[in-house]
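At position 2 of the sequence shown the residue is numbered 226 (the numbering used here), and the sequence of numbers has no breaks.
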Amino acid sequence: MKRIFRRNQVIIAALAVMIAVAGYLNYSGRIFGGDKDAAEANSELANMELLDISEEDLAETDGEIASNDSEETDGTVEGTPGEAVLTSGEANAVVAEAKVTREQVRAKNKESLMEIIDNQNLSDEQKQDAVNQLLVLTDLTEKEAAAETLLASKGFDQAVVSLTQEGADIVVSAAELSDANRAQIEDIVTRKTGIAAENIVITPINSEGK
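Shown next, in the form of structure tokens:
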């Protein structure tokens, strides 16, 4: 940038000098009774010299600006835009946070169901429905724990399993999963939860080891 600024100063100074020369030539032509055509020719010549200088220097300046822009781009843009690559520690933190969130939601749901069960103003039917939902949540929690334990024993030690009665969401800390990996995870989850493979969604959290 400093080079460009100095070059611009040189160009401006040259322009000022040429303008002064052109003005002087025109002025001297009038004072000394010189030919009008000669004065115009001198002015045109000065303008042509100005044009030559400005075009040449501006072309060089544009080249430097383009070069600097390219360097700035090369220094700041890396990889594919929009692609986020997590470190292994960050990916593991995402999985851990997902587990905490799942447990918080489950705890809140169980608390709400217990309030219904203990409410003396509700009917027995409403209480029984709450009991049934509580049993379902307990069953899902046990199946999630069983699936995660087996996944860890097969090398997927950073995985979280979130179940509903209809499906399963699996988040795994891995840069990528091969078809064999996915098939293995689906088999484990199906055996431990009874959920069909077509209702299992597996999401790898991209990571690179450090």
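Built from N, CA and C at the ideal position, the CB exists for glycine as well.
By the beta-carbon neighbour count (other beta carbons within 10 angstroms, threshold 16), residue 416 is buried. Residue 383 sits in a strand when the DSSP states are folded into three classes.
Residue 366 and residue 419 have their C-alpha atoms spaced approximately 14 Å apart. Relative to the Cα of residue 323, the nearest Cα in the group 345, 369, 334 and 344 belongs to 369. Exposed is the label assigned to residue 339, since fewer than 16 other Cβ atoms lie within 10 Å of its Cβ. The Cβ atoms of residue 382 and residue 397 sit closer than 7 Å to each other. Counting only unbroken stretches of 4 or more residues, the alpha helix (DSSP H) elements lying wholly within the region 304–371 are 312–342, in sequence order. Beta-bridge partners of residue 429 (DSSP): 397.
DSSP lists 392 as the beta-bridge partner residues of residue 424. Measuring C-alpha to C-alpha distances from residue 359 to each of 429, 333 and 421 identifies 333 as the nearest. Judged by pairs of C-beta atoms under 8 Å, the region 373–380 touches the region 408–415, as three or more such pairs exist. In this structure, the CA atom of residue 394 is about 6 Å from the CA atom of residue 425.
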